[in-house]
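The block underneath contains the structure these notes are about, expressed in structure tokens.
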Amino acid sequence: MLFRNACKPLPGHCLAARRLPAGAVLLGFVLLALAGCARIGVRPVPIDTRANALERTALNSDRPSERTLAFLAQRDLEGAWRGDAETMLLGLDREARVEHSREAVFVLAELCYFEAARNKGDPDRAALFHLSSAVYAYQYLFNTRLSEAPGVYQPYARQAMDFYNRSLAYYILYARQTGLAYAPGKELPWLRGKVRLAGRVSELAFSPAELESYHVAYEFEVAGLSPQQVRLGLGVPLALVRKPPPVEERRAIDRFTPRVRQTYAATAFLRLGIEPLPDTGPRVVYEAELEVHDPMREDTLAVGDRRMPLEIDLTTPLAFMMQQSPEPNGLQGMLDPAAWDKLSGLYMLQPYDPEKIPVVFVHGLMSTPATWATVFNGLMGDPELRARYQFWYFRYPTGNPVLYSAAMLRAALDEVRHTFDPNGTNPRFNAMVVVSHSMGGLLAKTLAEDSGTALWDAVSKTPLASLSLSAEDRAAVEKIFFFTHRPYVARMVFVAVPHRGSELALTTIGRIGRALITLPLTVLRPVTAVTAALAAAMGHDKKDAARAALPVPTGVDSLSPNSPILRVLASLPLAVPFHSIIGNEKAADTPGGTDGVVAYASSHLDGAVSEKIVRSGHSAQDHPLAIREMRRILLLHLGETVAPSPGS
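The sequence shown runs 652 to 1299 under this note's numbering.
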């Protein structure tokens, strides 16, 4: 009510006004018009309405922020901006340089970003304004000669970072679309002159020339993988696609990277000079250097005397790689193991880093390394884990016998050891952690066990030494049945592992799966040779030969609770600390029950450092509390391991 009737006559004065002389009335109307009689007041609105208006910028709406519009209004520049934006911006640039106005530089960054959007139909002109916005945003953030910097509780620094990041992202897309190649000395136009490119700095383990393509992470929306591992900061997160050279041409450092197209996370940062280059005439020329940072190595960058957080997106490159290079079918790996011969082996998500501890993931039956995607994504979100660990995975055809696949795992890790740490002196390599799921745990545990003759004795009463075998066949059998723990493995994590088998292997489904599996000749040949040798040792009697035949279990057979191999593996002590993560379909933190495939009684191991039970089916590795437990274990391992931090 205070403002509603501000321009109405007071009650009781209307008739008096009518009795005034005509001249007085006319004078009153003139004075009233001159006074304006604008209705000043307020009206109720939801709190969010006003808050949203204050948060609006050219980044998230079709108009500049209230701050920028107020700046223009106070200088009577709004009309000039709407009429001839470029001329107005050039004039404001001159004013900002004279007055060292940080506020004016912020306005220039936002209005240039806005002009880029208004000129999106003209890619060259839009690119000029995007680069200009990045230049002004950089000046706002880092030019110490400008007026007072914003306080830590003001949003303008974050907004300036967003203008810089988004503008640089658009410019990178423009360069890709137009084929603009980076070259030292190249000059790029911006509002007041040029940006002259200097050198290029890359933290990647491979040359930029090896890139097949590059993408801005902002271009994509991730599906099927969460949570999104993104951290706000400075720079443009990228997904870099590299097609590796043939295996025979690879350097040692990436010998074990996947043979498919690899996608790496990176962050691009254009480091600009604070002062323009001298002797460039009326143009303002800044020198700039393009930097490509590896977020798996560091998550900050130095600008002057300040350390700034890198903007990081780790999930988009991982999802991109999985879409572009899908994993082979896990069912095929069980039914036709020979089809996976060339795909089996150890692979690294990043080229080998001697300063990081390896974490090796081993998948289970009918599965592939893709089963670990959610785990990779979750663990990479922790900056300490990224800095201290490197993630590897082992792929194998799950239809083969467990002991055969376990021998493949040991051989693969021994090969990596021989390649990168032949003297066994790297404390990070010697602190290796192995994380396994389901059947993969039966393979993994052989890395921490000493078999002696127990496994051979479980399948044959005839000593291997007494059999007449070729050197090749004897070596093959020894690798499968006789092993010692690997000294470089320091800790194990078992997830839903059937240490004592699964009743599912005895059901109709198990029998059908067993019947459909075709074992490769590489598995059958040594078995056939041993069978013949056993028959010869028993006098070549056909019945005796049949009794002497070495059983050839498939991967499904290996999971039977009646398997003598499984009973021996369960009885062998583990030489390293180990942890169990177990699924229970009905209740968390409750011993007992089943995950639908493996019963608690089979997954439980006495002597575990810790045992975490999550409410989950057999894919317990994807449960957020299971991933949180893996993170806890890896952080615990850092506190107990002898491996120092990089650079210490």
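Glycine included, every Cβ here is placed at the ideal spot set by N, Cα and C. Keep in mind it's a predicted model, so treat the numbers as computed, not measured.
Where residue i falls: helix, strand or coil (DSSP)
i: Met643; result: No statement about residue 643 is possible, as the shown extent of the chain runs from 652 to 1299 and does not include it.
i: Leu1285; result: helix
i: Asn595; result: As displayed, the chain neither begins before 652 nor continues past 1299, which places residue 595 out of reach and without an answer.
i: His1269; result: coil
i: Arg957; result: strand
i: Arg751; result: Rather than Arg, the amino acid found at residue 751 in this sequence is His. His751 falls in the coil class under three-state DSSP.
i: Arg733; result: helix
i: Gly996; result: strand
i: Val873; result: coil
i: Thr708; result: coil
i: Pro888; result: strand
i: Leu720; result: helix
i: Arg1279; result: helix
i: Val1260; result: coil
i: Tyr937; result: strand
i: Glu942; result: strand
i: Leu1106; result: helix
i: Phe857; result: coil
Alpha carbon of residue i to alpha carbon of residue j, nearest angstrom
i: His1069; j: Val786; result: 50 angstroms
i: Ser752; j: Leu762; result: 16 angstroms
i: Glu746; j: Ala890; result: 40 angstroms
i: Phe1042; j: Ile1008; result: 9 angstroms
i: Val954; j: Ser798; result: 19 angstroms
i: Arg809; j: Leu710; result: 12 angstroms
i: Val1227; j: Ala1259; result: 10 angstroms
i: Trp1023; j: Tyr804; result: 40 angstroms
i: Leu728; j: Arg694; result: 29 angstroms
i: Arg669; j: Arg718; result: Since pLDDT at Arg669 reaches only 47, below the 50 mark, its modelled position is unreliable, and the value read off the structure follows with that caveat. Taking the straight line joining both Cα atoms gives about 47 angstroms.
i: Arg733; j: Leu723; result: 11 angstroms
i: Asp1257; j: Lys1096; result: 14 angstroms
i: Gly692; j: Asp713; result: 27 angstroms
i: Val846; j: Ala736; result: 21 angstroms
i: Ala1057; j: Glu1100; result: 12 angstroms
i: Gly1161; j: Val1086; result: At Gly1161, the pLDDT of 46 sits below 50, so the modelled position is not reliable; the number obtained from the coordinates is stated separately. Whole-angstrom Cα-Cα distance: 25 angstroms.
i: Asn1081; j: Leu1000; result: 19 angstroms
i: Ile1216; j: Ala1127; result: 17 angstroms
i: Gly830; j: Ser864; result: 12 angstroms
i: Ser1254; j: Ser1153; result: 10 angstroms
i: Phe920; j: Arg827; result: 16 angstroms
Per-residue burial, residue i [other beta carbons within 10 Å of its own, 16 or more giving buried]
i: Val1067; result: buried
i: Asp775; result: exposed
i: Tyr915; result: buried
i: Glu1280; result: buried
i: Thr966; result: buried
i: Ile698; result: exposed
i: Gly1092; result: buried
i: Leu986; result: Per-residue confidence for Leu986 stands at a pLDDT of 44, beneath the threshold of 50, marking its modelled position as unreliable; the derived number appears in the next sentence. Burial call: buried.
i: Arg796; result: exposed
i: Lys1263; result: buried
i: Thr1241; result: exposed
i: Gln913; result: buried
Distance between beta carbons of residue j and residue i, contact taken as under 8 angstroms
i: Leu1300; j: Gly886; result: Since the first residue shown for the chain is 652 and the last is 1299, residue 1300 is missing from the structure and cannot be characterised.
i: Arg893; j: Leu941; result: At roughly 18 angstroms, the Cβ-Cβ gap does not stay under 8 angstroms, so Arg893 and Leu941 are not in contact.
i: Val1026; j: Gln1272; result: 6 angstroms
i: Asp1004; j: Arg1282; result: That pair is no contact at about 20 angstroms.
i: Pro1052; j: Ser1209; result: 6 angstroms
i: Met1059; j: Ser995; result: 6 angstroms
i: Ala760; j: Phe814; result: 5 angstroms
Residue i - containing beta strand (DSSP E), residue span
i: Phe1045; result: Tyr1040 to Arg1046
i: Ala1127; result: Ala1127 -> not in any beta strand (DSSP E); alpha helix (DSSP H) instead, spanning Ala1122 to Phe1132.
i: Val1013; result: Ile1008 to Val1013
i: Phe1145; result: Val1140 to Val1146
i: Val846; result: Gly844 to Ser853
i: Ser864; result: Leu862 to Val867
i: His1088; result: Met1083 to His1088
i: Leu839; result: Glu838 to Trp841
Endpoints, the alpha helix (DSSP H) within which residue i is located
i: Gly1029; result: Ala1024 to Met1031
i: Thr967; result: Thr966 to Gln975
i: Tyr815; result: Tyr807 to Thr829
i: Leu923; result: No alpha helix (DSSP H) holds Leu923; the beta strand (DSSP E) holding it covers Gln913 to Leu923.
i: Glu1066; result: Val1053 to Phe1071
i: Val1219; result: Pro1215 to Ser1222
i: His781; result: Pro774 to Phe793
i: Tyr1251; result: Tyr1251 to Ser1254
i: Gly1091; result: Gly1091 to Ala1095
Chain C contact for residue i (CB, 7 angstroms cutoff)
i: Asp945; result: The structure shown contains no chain C; it is built from a single protein chain.
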